[in-house]
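One structure is given below, encoded as structure tokens.
Protein chains: 2
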Amino acid sequence: MKFRITPIDGGVCAVDGIYASGVNAGFKQDGYDLGFIRSDKELDVAYLFTTNKFQAAPIKYVLNRGIKTTNFILANSKNANAMTGDEGIKDIEEILEFLSQKISIKNPIMSSTGVIGVRLDKEKIKKGIEKFDFNEKNSNKFAKAIMTTDSFEKEIAFEVEGDFGKFRIGGVAKGAGMINPAMATMLCFITTDANIPQNEMQEILKEVNEVTFNAISVDGDTSTNDSVFLMTTRDGGYEREAFKEALKQVMQKLALDIVKDGEGATKAVAFVVTGAKSKEEAKIVAKNLTTSLLVKTALFGEDPNWGRIASTVGASNVECDEKRLKIAFENIVVYDRGNIIFDEETERKAHEIMKRREFKIYVDLGIGEGAFTGYGCDLSYDYVKINAEYRT
Amino acid sequence: MKFRITPIDGGVCAVDGIYASGVNAGFKQDGYDLGFIRSDKELDVAYLFTTNKFQAAPIKYVLNRGIKTTNFILANSKNANAMTGDEGIKDIEEILEFLSQKISIKNPIMSSTGVIGVRLDKEKIKKGIEKFDFNEKNSNKFAKAIMTTDSFEKEIAFEVEGDFGKFRIGGVAKGAGMINPAMATMLCFITTDANIPQNEMQEILKEVNEVTFNAISVDGDTSTNDSVFLMTTRDGGYEREAFKEALKQVMQKLALDIVKDGEGATKAVAFVVTGAKSKEEAKIVAKNLTTSLLVKTALFGEDPNWGRIASTVGASNVECDEKRLKIAFENIVVYDRGNIIFDEETERKAHEIMKRREFKIYVDLGIGEGAFTGYGCDLSYDYVKINAEYRT
Chain H
1 MKFRITPIDG GVCAVDGIYA SGVNAGFKQD GYDLGFIRSD KELDVAYLFT TNKFQAAPIK
61 YVLNRGIKTT NFILANSKNA NAMTGDEGIK DIEEILEFLS QKISIKNPIM SSTGVIGVRL
121 DKEKIKKGIE KFDFNEKNSN KFAKAIMTTD SFEKEIAFEV EGDFGKFRIG GVAKGAGMIN
181 PAMATMLCFI TTDANIPQNE MQEILKEVNE VTFNAISVDG DTSTNDSVFL MTTRDGGYER
241 EAFKEALKQV MQKLALDIVK DGEGATKAVA FVVTGAKSKE EAKIVAKNLT TSLLVKTALF
301 GEDPNWGRIA STVGASNVEC DEKRLKIAFE NIVVYDRGNI IFDEETERKA HEIMKRREFK
361 IYVDLGIGEG AFTGYGCDLS YDYVKINAEY RT
Chain X
393 MKFRITPIDG GVCAVDGIYA SGVNAGFKQD GYDLGFIRSD KELDVAYLFT TNKFQAAPIK
453 YVLNRGIKTT NFILANSKNA NAMTGDEGIK DIEEILEFLS QKISIKNPIM SSTGVIGVRL
513 DKEKIKKGIE KFDFNEKNSN KFAKAIMTTD SFEKEIAFEV EGDFGKFRIG GVAKGAGMIN
573 PAMATMLCFI TTDANIPQNE MQEILKEVNE VTFNAISVDG DTSTNDSVFL MTTRDGGYER
633 EAFKEALKQV MQKLALDIVK DGEGATKAVA FVVTGAKSKE EAKIVAKNLT TSLLVKTALF
693 GEDPNWGRIA STVGASNVEC DEKRLKIAFE NIVVYDRGNI IFDEETERKA HEIMKRREFK
753 IYVDLGIGEG AFTGYGCDLS YDYVKINAEY RT
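Quick note, the sequences are listed as chains H and X, same order. Letter by letter, the first sequence follows residues 1 to 392 of my numbering. Letter by letter, the second sequence follows residues 393 to 784 of my numbering.
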């Protein structure tokens, strides 16, 4: 691979021709809650949506129309427009009709996140639209506008150079709770000028999603609104491997930001599962480790209670054998294929590792070649606080 | 059905010929931590064990020997004897050999609960055995001896009378965390004198278990040690329906006690799922509702956030349709087949219901005839506290 990936500023606006911004439409007490990403030209768009059967109205709207190109994305936080039935879709139509009186739009897309089961306040959104400066190029304002319980905005951009010339790629995401490998209340918007063929967009997006957003979990709940959008102006160069790698770096950065910002999380932990019978079985184990309440509370307590990890593996209904299993906290092996290596010294070292903000736990099943790395966080008092008090 | 079920005292010792007690063997600072249930005659025994692939040593010991009758159960708390390999089984053999020098035992069974991945302290257990008064009939001491994070002992007994004569049945259980529909760190011991045929014991136990212990969840984790034992002296009467009903009442009482005693739980909630395509799909939905962190924290916050319930149904990968779904908190319908019925008055009423210690949430999918009721609890700060600090 002869290409170089360099981080640059600008988020989604790092790509020429992309405008973005955010305003306060009155959903949040202060701070941005309504934003847009747009371009003057039509952009090819690929997308992935939640596997939740109750897909929110904005997702149904896009799927019903089979949108393939767009020049405008409108996004709001605080209301998911989910479980709102046909009225939810009509609300989107009315809002986008209003928007079309302000600026020329083609196949506009709306994207929402927030509380489920409440109709959108269209008037607030219209008033917010009135405030838009369509010529702003401020990715950060957009990133802020889509935040719900997020504590920081999630943005990244790269410039990629190689024999093929160069392209740029930028992304913005939100998500802090209701996050699960099946893509859950996270929204992600990626712009690029890579000249990627339309038929490869969807394929590459799906492939990269599997090892990035589908590898993270905050709480095991899969939302009604998860969406990842990839849009291109096609003005730059393109080479498949370079693009795939850059897209992976963008999505991995944003996915890990979501884990680090997990509601109440104090730690981000990578569960590196190897030696499973298949990749699928490795993924099941990794997912169960990231969602087990007993594992998550042990992480919070910085307790190297490897028995809970072993028990979670055993409960995963995958092929496993306690005489082949191996568990390590970073380089500290605590259980080695039937042998408990957990003297005071080992425990102390494992405990030290768990005090870190980020670390890896290795679980080798010793059965086959299947491998998958899942990313999770701990479960703290604050998770309970945030979610017990969210709506009221 | 012509029979009468009357609650009586005595727990497992309500049955004639059953002895039980508990002592402090030094695992707990104070309080009982080692106990026995025994009889002079051999008892037919049926059992169900965890689906966790890493079954603990005591379970492997019973399965390896294919035990069908026994006259002695030895149980300890604070150490699960799990992930301890062949040594874990040898430890059991040595302990039971020691026990056989104190009292005549036939096919003794050991049962353990506690921390995973630590060898049993055989000397402590032997010293505990030395303290046993084998002629005690004190079910309550045994119930205390198997408690881990439990805050109260779980016991029940009934006398059943009918045309067939009469029999008694008594049970003891433990469990407060790591509880999941697939039977998780819960131990349950049931004695009876019902003259149940050996071939019906296993069948009825399994059937009743499906709607009792397999219907509860505290945290979604399935332990290495879950066990339910049913033992009979065969000295009493028997009638299949009467026995099944009495067994169900015993197991349901103990299962609900476990939910009520869920680690840090402030509420016990029944999720009554109906109208699913099949019983299996109803069970999946009920299980997901009892394990969803967002639902559990909403219960703790007494927040009638029905959107989280809907989202969990949609994420369950079962046949469902938002235009057919109906959700109610007891008799307060909040979402009715496409219509959001959630004005201030409805919200206030639903909130009032959620303040109760116990209540029901009804979820009708409106698709088919499948029904299942799952029992769960809320997720509180104390759950995190108990589990973050458990081992250290």
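Beta carbons: idealized from backbone N, C-alpha and C, even for Gly. Please read all numbers here as calculations on a predicted model, not as lab measurements.
- Under the three-pair Cβ rule at 8 Å, the segment 3 to 13 of chain H does not count as touching the segment 103 to 114 of chain H.
- Judged by pairs of C-beta atoms under 8 Å, the segment 225 to 233 of chain H touches the segment 197 to 210 of chain H, as three or more such pairs exist.
- Using a Cβ-Cβ cut-off of 8 Å, V776 (chain X) counts as an interface residue toward chain H, since at least one Cβ of chain H sits closer than that to its own.
- In the three-state reduction of the DSSP assignment, G667 (chain X) falls in the strand class, which pools E and B.
- Separation of the CB atoms of K741 (chain X) and R729 (chain X) is rounded to 20 Å, and the pair is thereby denied contact status at 8 Å.
- In this structure, DSSP gives D436 (chain X) an extended state, which the three-state scheme calls strand.
- Looking at the DSSP output, E551 (chain X) shares a beta bridge with X:T398, X:R560.
- In this structure, DSSP gives E750 (chain X) an extended state, which the three-state scheme calls strand.
- Put simply, the segment 413 to 423 of chain X does not touch the segment 278 to 293 of chain H. Fewer than three CB pairs are less than 8 Å apart.
- Within the segment 644 to 729 of chain X, the beta strand (DSSP E) runs of at least 3 residues that lie entirely inside it are, in chain order, 660 to 668, 718 to 721, 724 to 728.
- The CB of E714 (chain X) comes closer than 7 Å to the CB of F54, M83, G85 in chain H, given here in chain order.
- Listed by position along chain H, the residues whose Cβ is nearer than 9 Å to that of F734 (chain X) are G117, V118.
- L771 (chain X) is classed as buried because its beta carbon has at least 16 other beta carbons within 10 Å across all chains shown.
- Taking C-beta separations shorter than 7 Å and ignoring five residues to either side along the sequence, the partners of L426 (chain X) in its chain run G414, V415, A417, N468, I517, G520, A537, following chain order.
- For A537 (chain X), the uninterrupted alpha helix (DSSP H) segment begins and ends at 531 to 537.
- Taken through DSSP and simplified to helix, strand or coil, M231 (chain H) comes out as strand.
- Cβ proximity to chain H below 8 Å picks out nothing from the segment 403 to 427 of chain X.
- Interface criterion not met: the Cβ of L579 (chain X) is under 8 Å from no Cβ in chain H.
- Of all alpha-carbon atoms in H:D44, H:E136, H:Y32, the one lying nearest the alpha-carbon of N199 (chain H) is that of H:D44.
- Straight-line spacing of the CA atoms in G656 (chain X) and Y381 (chain H) works out to 12 Å.
- Close to F692 (chain X), with beta-carbon spacing below 8 Å, are these residues of chain H in chain order: V384, A388.
- In the DSSP secondary-structure assignment, S615 (chain X) is not bridged to any residue.
- Restricted to the segment 434 to 516 of chain X, the alpha helix (DSSP H) segments that are unbroken, complete and at least 4 residues in length are 449 to 457, 477 to 492, listed in chain order.
- Judged by beta-carbon spacing, S278 (chain H) lies within the 8 Å limit of G368 (chain H), meaning their Cβ atoms are closer than that value.
- At least one beta carbon of chain H lies nearer than 8 Å to the beta carbon of S703 (chain X).
- Residue H:K267 holds the alpha-carbon nearest to the alpha-carbon of D303 (chain H) among H:T274, H:N288, H:K326, H:K267.
- At a cut-off of 8 Å, the C-beta of R308 (chain H) has a neighbouring C-beta in chain X.
- Following the DSSP letters along the chain, one finds Y411 (chain X) inside the beta strand (DSSP E) bounded by residues 410 to 415.
- In the displayed model, T373 (chain H) falls within a strand according to three-state DSSP.
- For a cut-off of 8 Å, the C-beta gap from I258 (chain H) to A194 (chain H) is around 24 Å, too long to register as a contact.
- In this structure, DSSP gives D133 (chain H) a state outside helix and strand, which the three-state scheme calls coil.
- Look at S772 (chain X): its C-beta is under 8 Å from a C-beta on chain H.
- At a cut-off of 8 Å between beta carbons, Y335 (chain H) contacts chain X.
- Secondary structure of V15 (chain H) (DSSP, three-state): coil.
- With respect to the C-alpha of K675 (chain X), the residue from X:D555, X:N606, X:T505 having the closest C-alpha is X:N606.
- Note on E123 (chain H): under 16 other CB atoms within 10 angstroms of its CB, so exposed under the neighbour-count rule.
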